[in-house]
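First up is the structure itself, then whatever we jot down about it.
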Amino acid sequence: MMIEGHTKFKGKPFQLPTFRSWMVFVSRELFDDIRKARDEGLSFKEQVNEAIAVEYTIGKALADDPWHVSVIRKQMTQNLGAKFPEIYEEISQAFADELKFPNSGDWMPVNAYELILRVVCRTSNRLFVGLPLCRNEEFTKMSCDYTTTVIRAGFFIAMFPGFLKPLVARWLSAAPAATKGFERFLLPVIEERIRKEEELGESWNDQKPFDFLQWMIDAADGKRREPKELNKRMLAMNFTATHTSSMSFTHAFYWLAAYPQYVPELRQEIEFAIKEHGWTRDAIDNMFKADSFIKEAMRLTGLGVMSMARKSMRPFTLSDGTVIPTGSRIAVNAWSIHHDPDTYEKPEEFDPFRFSRRIEQGESIIKNAFTTSSSSFVFWGAGTHVCAGRYFASQELKAMLAYVVMNFDVKMPNDGERPADVWFGAACIPDPKATVLFRKRAG
Numbered sequence: 001m002m003i004e005g006h007t008k009f010k011g012k013p014f015q016l017p018t019f020r021s022w023m024v025f026v027s028r029e030l031f032d033d034i035r036k037a038r039d040e041g042l043s044f045k046e047q048v049n050e051a052i053a054v055e056y057t058i059g060k061a062l063a064d065d066p067w068h069v070s071v072i073r074k075q076m077t078q079n080l081g082a083k084f085p086e087i088y089e090e091i092s093q094a095f096a097d098e099l100k101f102p103n104s105g106d107w108m109p110v111n112a113y114e115l116i117l118r119v120v121c122r123t124s125n126r127l128f129v130g131l132p133l134c135r136n137e138e139f140t141k142m143s144c145d146y147t148t149t150v151i152r153a154g155f156f157i158a159m160f161p162g163f164l165k166p167l168v169a170r171w172l173s174a175a176p177a178a179t180k181g182f183e184r185f186l187l188p189v190i191e192e193r194i195r196k197e198e199e200l201g202e203s204w205n206d207q208k209p210f211d212f213l214q215w216m217i218d219a220a221d222g223k224r225r226e227p228k229e230l231n232k233r234m235l236a237m238n239f240t241a242t243h244t245s246s247m248s249f250t251h252a253f254y255w256l257a258a259y260p261q262y263v264p265e266l267r268q269e270i271e272f273a274i275k276e277h278g279w280t281r282d283a284i285d286n287m288f289k290a291d292s293f294i295k296e297a298m299r300l301t302g303l304g305v306m307s308m309a310r311k312s313m314r315p316f317t318l319s320d321g322t323v324i325p326t327g328s329r330i331a332v333n334a335w336s337i338h339h340d341p342d343t344y345e346k347p348e349e350f351d352p353f354r355f356s357r358r359i360e361q362g363e364s365i366i367k368n369a370f371t372t373s374s375s376s377f378v379f380w381g382a383g384t385h386v387c388a389g390r391y392f393a394s395q396e397l398k399a400m401l402a403y404v405v406m407n408f409d410v411k412m413p414n415d416g417e418r419p420a421d422v423w424f425g426a427a428c429i430p431d432p433k434a435t436v437l438f439r440k441r442a443g
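This is how it looks when you write it as structure tokens:
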């Protein structure tokens, strides 16, 4: 329908019904209108709240005061290189813990999504809270369970009128239980760190942990520094990091398993990068084909048909003269942009080295990088609300892909095709039940 609407209306805005209301879709030509719009006109926060009932699934305070995003943009992004050895170590250990291969060396069937969800959760928490908590089984299970329920619960809660939402949320939302569960693990840690800071003063700077939780404690003041408030932020971070990255990597992983003919070329590049730089961020940054592989998977399937969704807070006039009424929802037509034959040759085909080939032909590395948002690649959103954690997500996904390629052979059962995606409204979900065959590489 997205391609049909784009073709029928010749790139002009059109609307389609969703479960809750009509959604106006705009094409690439009006991308900048959405990107540059201020929240007073087109609100990101109000759209997200309507889509997944943030007040009941994640917490209203987090949406109203997202101060932790600045910590993601600054401290977290700036320290990704220093933290990479730990991230790689956790990827390696998580796969080792999750995959118990038979001594026979035979292929082993694995539920791919469940495996990836746990590896992503542990890897993210290695950065967020460090050892030993990131490997605690109960903590990991709690985080994974919460992650998988937020979108589903939010979707159904949002379908009810305002006066019924609190009642419905009592039955559907996992947030209250997850918040209390996280408190059991995180409150003692947070309270101890704050106590040591008060007791040790400046000498604490030489001893304090080097993780996202500590960066948040350092950046917080007043009510923001209360342990329970910090705990809620960490729960939200677990959802956002684990949900998007596990979905994204599963999409890419299914392409890898269904098209093993591309593995030798990937493996050659990865081996060279590791030989030159070791398992470091520099090595990951030089894996252009791995970067291209993941970006192409997100272009072709991605996480849904739309990007940059907003809610109109007042009548909003687009540059072509179209007026978006107050209360309307609007989004960029990501599907038609990512499948536009004027931008992408043979857009319906999976071409894993599409972007790395452009770099080899002399195009800009930055322009073709997975992390770069543009009017032709809107996976991350754009403008003020472009995904703040995309540099960590990209590094994590590429490191996971590189680890899998170097350590395992993977394929679909019976040398089959890539599992069909599951559509949940406008969201494109990789099949959560699909099995992939793993075999440990010799040597």
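By UniProt numbering, the letter at position 363 of the sequence shown is numbered 363, and the numbering carries on one by one without gaps. Positions of the beta carbon are idealized from the N, C-alpha and C atoms, including for glycine.
Does residue i pass the burial test, meaning 16 or more other C-beta atoms within 10 Å, or should it be called exposed?
i, result
"Gly416", "exposed"
"Ser319", "exposed"
"Phe379", "buried"
"Trp22", "exposed"
"Ala420", "exposed"
"Arg184", "exposed"
"Ser364", "exposed"
"Val69", "exposed"
"Thr301", "buried"
"Thr148", "buried"
"Arg314", "exposed"
"Ile366", "exposed"
"Leu213", "buried"
"Trp215", "buried"
"Phe355", "buried"
"Asp342", "exposed"
"Leu235", "buried"
"Arg38", "exposed"
"Ala442", "exposed"
"Gln395", "buried"
"Phe182", "buried"
"Gly130", "buried"
"Pro102", "exposed"
Thinking residue i and residue j are a contact (beta carbons under 8 Å), I'd like their distance in whole angstroms, please.
i, j, result
"Thr57", "Ser173", "5 Å"
"Ser375", "Phe31", "4 Å"
"Leu303", "Cys428", "6 Å"
"Ser312", "Ile330", "6 Å"
"residue 507", "Ala290", "Outside the modelled stretch of the chain, which goes from 1 to 443, sits residue 507, for which no answer is possible."
"Ile72", "Thr123", "Not quite, the Cβ-Cβ distance comes to about 16 Å (not below 8 Å), so this is no contact."
"Pro109", "Pro413", "7 Å"
"Cys144", "Arg118", "6 Å"
"Phe370", "Lys295", "4 Å"
"Gly154", "Ala51", "7 Å"
Since residue i is in the beta strand (DSSP E), which residue starts that stretch and which ends it?
i, result
"Ile330", "329-333"
"Met159", "That residue, Met159, is in no beta strand (DSSP E); it is neither H nor E in DSSP."
"Arg439", "435-440"
"Gln15", "14-17"
DSSP state of residue i, grouped into three classes?
i, result
"Asn111", "strand"
"Trp255", "helix"
"Pro66", "coil"
"Lys83", "helix"
"His6", "Confidence at His6 is low in this model, with a pLDDT of 49, below 50, so its placement is unreliable and no value can be given for it."
"Phe377", "strand"
"Leu30", "helix"
"Leu42", "strand"
"Asp106", "coil"
"Phe101", "coil"
"Asn49", "helix"
"Gly59", "helix"
"Thr372", "coil"
"Ala37", "coil"
"Thr123", "helix"
"Thr140", "helix"
"Thr280", "coil"
"Gly11", "coil"
How far does the alpha helix (DSSP H) with residue i in it extend, from its first residue to its last?
i, result
"Val129", "Run containing Val129: none; DSSP gives neither H nor E here."
"Val24", "No alpha helix (DSSP H) contains Val24, which is instead part of the beta strand (DSSP E) from 22-26."
"Ile72", "Looking at the DSSP string, Ile72 is not in any alpha helix (DSSP H), and its letter there is neither H nor E."
"Lys367", "365-368"
"Gln268", "263-277"
Using beta carbons (cut-off 8 Å, strictly below), is residue i in contact with chain C?
i, result
"Gly201", "In the displayed structure, chain C is absent; only one protein chain is listed."
Task: Segments of 4+ residues assigned as alpha helix (DSSP H) that fall wholly inside the region 382-432 - done: If one requires a minimum length of 4 residues, the alpha helix (DSSP H) runs lying completely within the region 382-432 are 390-407, in chain order.
Task: Whole alpha helix (DSSP H) elements within the region 169-247, 4-residue minimum - done: Along the region 169-247, the alpha helix (DSSP H) occurs as fully enclosed runs of 4 or more residues at 175-200, 212-219, listed in sequence order.
TODO: Any chance you could list the alpha helix (DSSP H) runs of at least 4 consecutive residues sitting entirely within the region 283-363, in chain order?
DONE: Counting whole runs of 4 or more residues, the region 283-363 contains the alpha helix (DSSP H) stretches 288-300, 334-338, 354-360.
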